[in-house]
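Heads up: the sequence lines are chains A and B, in that order. Here our numbering is used: the first sequence runs in plain steps of one and ends on residue 913. Here our numbering is used: the second sequence runs in plain steps of one and ends on residue 592. Even glycine gets a Cβ: it sits at the ideal position worked out from N, Cα and C. Reviewing the structure listed below.
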Amino acid sequence: MIRKILLSLIVLCASIICFAQDNSGEFHGNFDLNMQSYQDDELIGAEAADEIILSNSYLNINYTKGKFTTGLRYESYLNALADYDPEFKGNGIPYRYATYSIDGLEITAGNYYEQLGSGLIFRSYEEKDLGIDNAMDGVRLKYSPLKGMYLKTFIGKSRTHFTYADGIFRGIDGEVNINNLFSCETKTKAILGGSFVSRYQERENLIFKIPQNVGAYASRLNIIHGGLNYYGEYAYKINDPANLLTASSMNYASGNAFTQSITFSKKGFGVSAEMHRADNMTFKSDRDKDGKAFLINYIPTLSKPHAYSLLALYPCATQTDGEFGMQFDIFYKIKKGSLLGGKYGTKFNFNYSRINGLNNGNSFLNDDTEHAPMLISVKAEELYFQDINLEINKKINKQVRANFVIANQTYNKDFLEGHVPGDYGVLGSTILVADVSYTIKKGHSVRVELQTLKSNQLEDYSEHGGIYKNGMEEPAEGDWSIALIEYTISPHWFFTVQDMYNYGNENTAKQLHYINLDAGFNKGANRFSIGYGKKREGIFCVGGICKFVPSSNGFNLNISSSF
Amino acid sequence: MRKYITLLSIILIITSCDVEEGPFINNYDSYVNPDKKVLIEDFTGHKCPNCPDAARELDAIHDIYGDQIIGMALHVTKSFARPNPIGNSFDYDFRTNWGDDWDAFYGISDAGLPRGMINRIGYQDESHKLGKDEWATTVANELKKEIDFKIYISSDETSIFITSEVQNNINADYNLVVCLTESNIINWQKDGGNNIENYEHNHVLRTVLIDQELSNSTNYVAGQQIEKIINYDLTTLAQFNIDYSTNTAEMGNGNAGGWDANNMSVVAYIYNTTTKEIAQVEEALLIN
C-alpha cells in the first residue's frame with residue numbers, strides 16, 4: 351500500500367512539474383472528515399466499537415493547467431464507520447488520474463467515472479453517503495469529430511473498496527444532436543444516443559456453460575419542444591448466469607429494461623410522468639460477488655427523494671432483478687395576490703409513485719424452466735412501494751416561511767428487506783410534516799419541524815402463526831413522531847435538537863426517544879460540526895440504491911474544507 | 305480518417321459477446337487430487353431466507369465431488385439465528401460458542417449471510433469471506449492442491465481416535481481441530497418466501513472437542529504419524545450448549561439440546577496457525 355501511495359505521489363508530482371513550469375496552473379481540492387464514537391446501548395441494539403472511535407476521511411487534490419488536469423484522492427478508513435462495508439479499511443490513494451484534451455480528443459488515463467445514457471447498462475460513480483465508489487481504472491477517450499456528434503470509449507476495471515473487481519469492461523457510446531449536426535435552428539430538438547458495454551471475466555464451471563464476455567447495449571432518444579421534454583431509453587443484456595453448480599438456480603435468461611419520461615413546464619406550472627421496467631438487469635463487475643460494491647449499472651428509482659426523516663423512514667430500493675414503476679408529479683404555483691396565493695404566492699407539489707413486481711417474477715431460463723413476464727402488468731402484481739404525497743410551500747410574511755407535507759405510503763417491508771412474508775408484513779403509513787421558519791432579526795432565525803407517522807399493517811397474517819399482533823413473526827415498529835428545533839446565526843453558527851420518538855412500538859421496551867444534538871460552525875471555506883445522539887437501525891437510500899445502517903449511540907464530528 | 309478507422313476497430317473488438325444457448329450443461333473435465341478434501345464452512349441462520357440457497361449449492365458441490373467435500377453449517381448472529389420463545393416456531397437455538405467466536409474472528413456475518421469459507425483460504429489478504437457464487441470456483445482450485453497430511457478417524461461411544469499422517473517434510477505450526485456435527489435435524493427454516501417447518505438441517509456444528517497443537521514441534525517428517533485420543537460425553541457437551549444459549553448467546557432460550565448421536569459425524573481438520581488455511585480435513589460417522 352505504501353508503495354502505491356508513493357508511486358501515485360511521484361506520478362502526480364512529475365505531472366505537475368512537467369506541466370507547471372510556467373507556474374500558471376491552478377490547484378483545487380477539498381477535505382472531509384467524519385468521525386463517530388460508538389458505545390453500547392442494549393435498548394436500541396447499538397454495539398460499541400472495539401476502536402471506540404471510527405473515522406472516514408478524504409482529501410481531493412486537482413491540478414489544472416490549460417487542457418491538462420491531474421489529481422488524486424487520499425482516503426483513510428481507520429477503521430471505517432459502522433455503516434460502511436468493513437472492506438474499507440486502512441489508508442490509500444485509490445483514485446488518481448491524468449486528462450488532457452487536444453483537437454477535440456480528450457484522453458484520460460487512470461481513474462475515471464463514467465455513465466452511459468441514464469446508467470441502465472453502465473454507471474461508474476461515487477456516492478460517499480452510501481459507501482459506493484466503483485470508479486474505473488483504465489483508459490477513456492472522448493472525441494467530437496463533428497459539431498453535434500460525441501463519441502466516447504473506455505476500457506477498465508471497476509473499483510471495489512481498495513481493490514478492483516475481476517471483470518474487465520469495454521464500452522463505447524455515441525450521441526448525436528440532430529439540430530447541431532445539421533445546423534438546424536428548429537424549435538424541436540432531438541438527441542439520439544446508443545451505447546454498448548461488455549464485461550470479460552474468465553470462468554470455468556464443471557457443469558454449466560458460463561459466458562465469459564457478457565455484453566449489454568442501450569439506445570436512447572431525447573426530444574425537446576419548448577417546455578416539453580421526452581426521454582426514452584431501452585437496454586438489453588445477454589445471459590449472465592451466476593457461476594453456481596445448483597441446477598435450479600442457473601438462470602440463462604437475458605435482461606432488459608426501459609425508462610420513459612415526459613415533462614412539461616412553464617412559469618408556475620410543471621407536470622411530469624415517468625415509467626420504467628427492469629427485468630433481470632442486475633449487472634455486476636464480478637459475477638461471483640454480491641453486494642452493492644459490485645453493481646456496475648443503475649436503474650434510477652421512481653419514488654420521490656424525501657428530505658424529512660419520517661417520509662424517508664421506509665425508502666424504496668430499486669429492484670434491478672425485476673420491477674415495474676410509474677411516477678407522476680405536478681408542480682403549481684398560485685399567483686401572488688390571489689385568494690390562495692396571498693402576498694407571496696403558494697407552491698404546490700403533488701407526487702404519486704408506485705412500484706410493483708413483474709408477473710410471476712423476473713425472466714428465468716434453464717434446461718428445466720422457462721418464464722418470461724408480461725411486458726406491462728400492474729394491478730394484480732405484488733406491490734413493493736407506493737407514495738402519494740402533497741407538499742405545500744408558503745411564505746407567509748417577511749419573517750415566516752412554512753412547508754407542509756401530507757403523505758400516504760405503502761412499504762412492502764418483507765419483500766424490500768428480504769424477509770419472508772409475514773415477518774414484518776406490508777406497512778401503511780400516513781405522515782404529516784410541518785416545517786416553519788421564523789426570522790427573529792437579521793442573521794437570527796429559528797426553524798421548527800414537527801413530524802408524525804401513523805403506521806398500520808395492510809395485510810392479514812392472522813393465520814400466519816407468528817407470535818406478535820396480526821400473526822407477525824416480528825414486532826411492529828408502529829408509530830413515530832419527531833420534533834426538531836434549529837437555531838441559526840448567519841453566517842457562522844447553527845444549533846439543532848431533535849427527538850425522534852417511537853411511541854407506537856409493539857414492544858413496549860422499544861418505545862424509545864432517539865435524541866440528537868448538533869452544533870455547527872462555518873467560516874470561509876471551512877465547516878465544523880459536532881453532535882451527539884442515538885440513531886435507529888434502518889435502511890438508507892440514495893436514488894434507489896440502499897444500505898443498511900446499524901443503530902448507534904455516540905458522538906460525531908465532521909470537518910470539511912475546500913480550496 | 306485514421307481516427308475513424310481506430311474507432312471502428314474498437315467497435316468491432318468490443319461488440320463480441322458470448323450468448324449461451326441451451327442445452328446449458330457443460331462437459332468439463334478437470335483434474336482433481338483424489339486425496340485432497342475441502343471443508344466448506346457455511347455461515348447461516350434459521351431465520352435467514354437466502355441461506356438455504358447456499359446449503360443447496362453446498363449439496364450440489366458435494367454431489368459432484370462426493371466425500372471430498374465436507375460441509376459444516378454454523379448458525380450465527382442475533383438477527384438470523386436467534387430463537388423465538390420456546391413453544392413457538394423457530395424456537396431452537398442452533399448457535400454455539402465456537403460458531404460465534406469464529407464468526408467474530410473471521411468477520412463473516414459482517415459481510416452479510418449466507419457466506420462461507422473454503423478451507424479458510426484467503427484469510428491473510430481478507431479474501432476468505434466468500435459468497436455462495438464463489439464456492440464452486442474456489443473448491444475446484446482447492447481440489448487441485450497437493451496434500452501434506454492424511455487424517456484417519458475412528459470412534460466408539462466414549463472416545464474418538466485421530467491419526468494424522470504427514471505426507472511431506474514440512475516446517476510450520478499446525479493445529480488439529482476435532483468437531484462434532486449433526487445432520488437430519490428437522491426444524492424450522494426460512495427459505496426464500498416461505499417458513500419451512502420440516503426443513504432438514506445438515507452438518508450443523510454442535511461442538512468443538514479440541515483445537516490444539518498438532519505436535520509440540522514445528523518439524524514434520526514424511527511418514528510421521530501423530531495420534532490423538534479424545535474422550536467425550538454427549539450429555540455434558542449438549543448441556544454446555546444449553547448453558548451457552550441460556551446465559552451468553554444474545555436472546556438465547558436454552559433450547560439447544562436433543563442431540564441424536566446416530567446422526568452425528570466427527571470432523572477433524574489440520575490448519576496452519578499463521579495462514580489459518582486448512583491443510584486437510586476428514587469426516588466420519590460418530591457411531592459406525
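If I'm right that residue i touches residue j with Cβ under 8 Å, what's the distance once you round it to whole angstroms?
i	j	result
Y648/A	R473/A	4 Å
V847/A	Y658/A	In fact, because the Cβ distance is near 16 Å, the residues do not count as touching under 8 Å.
T462/B	N535/B	6 Å
A448/A	T414/A	Actually they do not touch by this definition, with Cβ atoms about 11 Å apart.
S902/A	Y388/A	6 Å
L661/A	I839/A	About 28 Å; that fails the 8 Å criterion.
N498/B	V798/A	No, N498/B and V798/A are not in contact; Cβ-Cβ is about 47 Å, not under 8 Å.
C483/B	V512/B	5 Å
Y864/A	K885/A	7 Å
N488/B	N567/B	5 Å
E581/B	R424/B	6 Å
G420/B	W439/B	7 Å
K448/B	V336/B	7 Å
S508/A	S635/A	4 Å
R880/A	L907/A	Note that residue 880/A is Ile in the sequence shown here, rather than Arg. Their Cβ separation, rounded to whole angstroms, is 5 Å, which keeps I880/A and L907/A in contact under 8 Å.
I530/B	L518/B	6 Å
S599/A	D495/B	Wrong, their Cβ atoms sit about 13 Å apart, outside the cutoff.
Going by other Cβ atoms of all chains shown within 10 Å of its Cβ, with 16 needed for buried, is residue i buried or exposed?
i	result
A572/B	buried
V323/B	exposed
Q516/B	exposed
F871/A	exposed
V342/B	buried
I471/A	buried
H575/A	exposed
N710/A	exposed
N812/A	One point to set straight first is that residue 812/A is Ser, not Asn, in the sequence displayed. Flag for S812/A reads exposed.
P338/B	exposed
K587/A	buried
E361/B	buried
L316/B	Caution is warranted here: a pLDDT of 49 is assigned to L316/B, below 50, making its placement in the model unreliable, and the coordinate value is therefore given only provisionally. With fewer than 16 Cβ atoms within 10 Å of its Cβ, L316/B is classed as exposed.
E587/B	buried
G375/B	buried
H350/B	buried
T539/B	exposed
Kindly indicate the opening and closing residues of the beta strand (DSSP E) around residue i.
i	result
S379/A	According to the sequence provided, residue 379/A is Gly. The question's Ser does not apply to it. Residues E376 to S387.
Q516/B	V508 to E517
Q595/B	In the structure as shown, chain B starts at 305 and stops at 592, and residue 595/B therefore has no counterpart that could be examined.
Along the alpha helix (DSSP H) that carries residue i, what are the first and last residues, could you check?
i	result
F409/B	N401 to Y410
R360/B	C355 to Y369
L590/B	Neither: L590/B is in no alpha helix (DSSP H) and is coded neither H nor E.
N545/B	L538 to N551
E446/B	W439 to E446
K382/B	K382 to A385
Please state whether the Cβ-Cβ distance between residue i and residue j is less than 8 Å.
i	j	result
D405/B	P436/A	no
A757/A	N743/A	no
F714/A	N572/A	no
Y514/A	D487/A	yes
I522/A	F558/A	no
N473/B	V508/B	no
S569/A	G605/A	no
L556/A	L594/A	no
A542/B	D397/B	no
I457/B	I464/B	yes
G821/A	G828/A	no
Could you name the residues of the stretch 493-517 of chain B whose beta carbon sits closer than 9 Å to any beta carbon of chain A, in the order they occur along the chain? Result list: K494, D495, G496, G497, N498 and N499.
Within 9 Å of chain B by C-beta, residues of the stretch 569-603 of chain A in sequence order: When CB distances to chain B are screened at a threshold of 9 Å, the residues of the stretch 569-603 of chain A falling below it are I588, N589, P591, A592, N593, L594, L595, T596, A597, S598, S599, M600 and Y602, in chain order.
Quick one: which residues of the stretch 514-537 of chain A get their C-beta closer than 8 Å to a C-beta of chain B? List them in chain order. If the cut-off is 8 Å between Cβ atoms, the stretch 514-537 of chain A has R520, G521 and I522 near chain B.
Could you please tell me which residues of the stretch 407-431 of chain B, in chain order, have their CB closer than 8 Å to any CB of chain A? The stretch 407-431 of chain B vs chain A, Cβ under 8 Å: G411, D414, A415, G416 and E430.
Please identify, using Cβ separations under 8 Å, the residues of the stretch 607-630 of chain A that lie next to chain B, in order along the chain. Against chain B - using a Cβ distance shorter than 8 Å - the stretch 607-630 of chain A contributes no residues.
Just by C-beta distance, which residues in the stretch 359-374 of chain B are closer than 7 Å to chain A? Hits within the stretch, in order: R360, E361, A364, I365 and I368.
What residues in the stretch 705-721 of chain A bring their beta carbon closer than 9 Å to a beta carbon of chain B? Hits within the stretch, in order: L715, N716 and D717.
Could you name the residues of the stretch 629-652 of chain A whose beta carbon sits closer than 8 Å to any beta carbon of chain B, in the order they occur along the chain? Here the close residues are R637, D638, K639, D640 and G641.
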